[in-house]
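Residue numbers (this note's numbering): -6 to 923.
Virtual Cβ for every residue (Gly too), placed ideally from N, Cα, C.
It should be emphasised that the depicted structure is a prediction, and the values quoted were computed from it without experimental measurement.
Okay, structure first, notes after.
Here it is, written out as structure tokens:
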């Protein structure tokens, strides 16, 4: 019988080689696929819109806060040009925080439908002209009204409520009473003819809220009641270079195209711009051009009305000076500020008792609100009202736009400041917000529009905590004039910035805060909303974007100054992060040589930072209270390298544990082989074979297995060439060769001596399956100890593998890239772990077969003695249970040790898994090994 035939006949060697080949192939293929998936995930998600963030002074640490437009400046335009001239620079886009802008939302009003129908004297010469969109007189609906012919008494209660996402705050609540009724058309005789006017009912008193609110008046379509003034709203403004910003954002930056056509700095005098538009209307302007917007240096200014009205108001009040500049703006569409205006309408009798609850109407700032443009964001409609004002068309429905110019300020504009806190097990960093001063909002103006005094007692000012510092300005600051060129959608910009590899653009793509724990440490779930003052921790997208000439005008700079907060640089190097890394690092080094801080953000990912917020609010006694802990997505530098390194290490450790299991299995199989072939070796020795020939005879059988292992390794190398494949193949071959040499050395014939005591009083009497099992295990100590160690190793291996799997999310880190990468390697890691568990289980089964023939023999004798199948099954169960009792501490302690060594944060779970594995082995072994 040749070596191949003997190898096949020797089931132990064949099983060992098969398991080693299977473990080797599975481990290498799974590990290589896992590594490939990891590298692919990292490469696809580790390079954002730009590669290097340039600042005059960068924060320490590897976690970058998202607000990079801080208002601190420090980078000059000469340095910007030097960066652009570097050979590795593709795009260099500067950005700066400009100012805070406080906007008066003007007087809210309540419109009650009181439509009087068509009247040529009031509607004018409106026709069905398609250019204006007017409705033909014969198609006007009949008159209708929500009011009655006889005036009724009403009570209106107006209130404004704001929310920071955690709690609501009533800013004011004011009531006014009066009688309202349906208006009539009166024809009055006058010199040369007659005139038509709108007259209120004789018994109507109207409704008048305290100053500065006006009263009520009738028009062709509605009865309008002036409501108390809404709180002022504060926005932020950022400056960019439109051309480079468009290059950075791609098509998502097309909203900045109009800003590229803004006039040069010496052609932005606010007075000259205002006079130009006045000249257009003086000389006449076509209605279609009016609807589309008059042309201004190649840009159709759709929002020309606010520019004109604010220009005239600023000129009238003396705010407009010879140094005032027009600032071109692209304004944000909509707002995330949670501000709601409510009006409760009640019909009452003369005694003030409610006769009928007419209803409550509400209006919130929303997607239709435009900073610097929206005149009447709080126009509320009486229940049941229909708006007929569109009957006059776009010309008849002309809205002058925002009347009062906004107030520009640099107080409390800068980015929040944070102190470092504790670091979590997964690397997530804690921060503490640094509170600043209190800012008072919800104040009324000192004088009304007519110059009269204002009743200040009708509204309580509100203090909001600022977490920001003031921004430096130039020496001279003249009131600027806003000139709106277009709008932008911050959600579309944020989407273009990406998700996992999202990098802060600065100001117009804000990162929200989520409250996760309140001040008492209880779990919470709320998103913080921006404050009225825009000085709080949470901020919405910038209300407007301008260029750097606009920044100079708003902050009073007359000469070039180092006002650039940050420059976002994209490298010319194409490809993934790993491919571009050398050139990006070189570009960053070149920028640092200019005396600037260059942070490589390619290979970064967003990560939630936990921020404790102290001093967020205060009670009437002035006692301050913390908000709690919020989370905000920051940027983790070098996330790609960290994730790749940690998860690759986890994969290699899983592979190592699987190979360790294979090594122990090989050892157990070798012992089983020696015990089975020792008698044959003795016979050959008696036939005159030398020890060397016997060793050659043994090694020939092992050589067949080695050839099979080498062939499998060669095939693996062809399919998946890597250093890991070579190392695994070499390790398996060395392991197998060592087992062969050990078997050849130990396979010597020895005389078998019956050592069983014949008349030993210490023999345990066999009176039950338990005592018989105990006696058999005590008699065969070698087999018992070997099996217990194998089961303990199995439990330890299971615990170690489970701890590694549990520890993968922590080891990956806290960034968004970590989650994606961990998900990509989860299935391969589980397969590797299952392979390791399977190898360990097979090890115990092989070890349990050391004396299988002897066991079958004594079980047959017991059956012949009358033991029933249940008693025989109990013998096997008790044998395995006693072995498990010995193996239990080995498995649990071994699992804890491996867990502490490889995954300390999951060591407890490793011990639990080791305990469960040993307990599960007992019924499995009882069922399988029979």
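query: With distances taken Cα to Cα, identify the nearest neighbour of residue 57 among 497, 636, 283.; result: 497
query: Nearest-angstrom Cα distance between residue 904 and residue 53?; result: 40 Å
query: Given this structure, state the Cα-to-Cα distance separating residue 831 from residue 708, to the nearest angstrom.; result: 23 Å
query: Between the region 302 to 312 and the region 331 to 349, do three or more beta carbon pairs fall short of 8 Å?; result: no
query: Cα separation between residue 882 and residue 902?; result: 15 Å
query: Do residue 92 and residue 406 count as a contact pair if the criterion is CB distance below 8 Å?; result: yes
query: Are residue 540 and residue 256 closer than 8 Å when you measure CB to CB?; result: no
query: So residue 153 and residue 164 are in contact, right, with Cβ under 8 Å, and what is the actual spacing, rounded?; result: 4 Å
query: Measuring CA to CA, which of 108, 535, 361, 421 is closest to residue 809?; result: 421
query: Give a yes or no on contact between the region 414 to 430 and the region 591 to 609, applying the rule of three or more CB pairs nearer than 8 Å.; result: yes
query: Taking 6 Å as the limit between beta carbons, can you name the residues of its chain near residue 373, skipping five residues before and five after?; result: 103, 336, 354, 356
query: Residue 584 lies in the alpha helix (DSSP H); which residues open and close that run?; result: 570 to 585
query: Do you know how far the Cα of residue 829 is from the Cα of residue 229?; result: 58 Å
query: Nearest-angstrom Cα distance between residue 623 and residue 528?; result: 17 Å
query: In the DSSP assignment, find the unbroken beta strand (DSSP E) run with residue 455 in it and report its ends.; result: 455 to 458
query: What residue from 242, 168, 141 has the CA that sits closest to residue 197's CA?; result: 141
query: Nearest to residue 173 by alpha carbon, out of 179, 161, 147, 189?; result: 147
query: So, helix, strand or coil for residue 809, using DSSP?; result: helix
query: By DSSP's criteria, residue 171 is part of a beta bridge. Which residues make up the other side?; result: 147
query: Give the C-beta separation of residue 169 and residue 132 to the nearest angstrom, bearing in mind that I take them to be a contact with Cβ-Cβ under 8 Å.; result: In fact, because the Cβ distance is near 38 Å, the residues do not count as touching under 8 Å.
query: What first and last residue would you give for the beta strand (DSSP E) that runs through residue 423?; result: 422 to 426
query: Determine the contact status of residue 558 and residue 236, defining contact as a CB-CB distance below 8 Å.; result: no
query: Determine which residues share a DSSP beta bridge with residue 365 and list them.; result: BP columns for residue 365 are empty, so no partner.
query: Using a threshold of 8 Å, state whether the C-beta atoms of residue 595 and residue 242 are closer than that.; result: no
query: Kindly indicate the opening and closing residues of the beta strand (DSSP E) around residue 93.; result: 82 to 96
query: Measure the alpha-carbon distance for residue 751 versus residue 888 and round it to whole angstroms.; result: Note that residue 751 scores a pLDDT of 48, beneath 50, so its modelled location is shaky; the value from the coordinates is reported in the next line. The alpha-carbon atoms of residue 751 and residue 888 are separated by roughly 42 Å.
query: Exposed or buried, which one is residue 106 when buried takes at least 16 other CB atoms within 10 Å?; result: buried
query: Here's the rule I'm using: 16 or more other beta-carbon atoms within 10 Å means buried, otherwise exposed. How should residue 476 be labelled?; result: buried
query: Thinking just about the alpha-carbon of each residue, which of 786, 856, 797, 878 is nearest to the one in residue 767?; result: 878
query: Using only CA atoms, which one of 329, 378, 346, 377 lies nearest to residue 361?; result: 329
query: Grab me the residues of residue 44's own chain with a C-beta within less than 6 Å of its C-beta, minus the 5 sequence neighbours each way, in chain order.; result: 563, 564, 577, 595
query: Taking the beta strand (DSSP E) that residue 621 belongs to, which residues open and close that run?; result: 621 to 629
query: Express the C-alpha separation of residue 916 and residue 697 in angstroms, rounding to a whole number.; result: 36 Å
query: Taking residue 477 as part of the beta strand (DSSP E), name the residues at either end of that continuous run.; result: 474 to 481
query: Only counting the same chain, and skipping five residues up and downstream in sequence, which positions put a Cβ closer than 6 Å to that of residue 880?; result: 781, 784, 785, 911
query: Compute the Euclidean distance between the alpha carbons of residue 682 and residue 643, then round it to the nearest angstrom.; result: 50 Å
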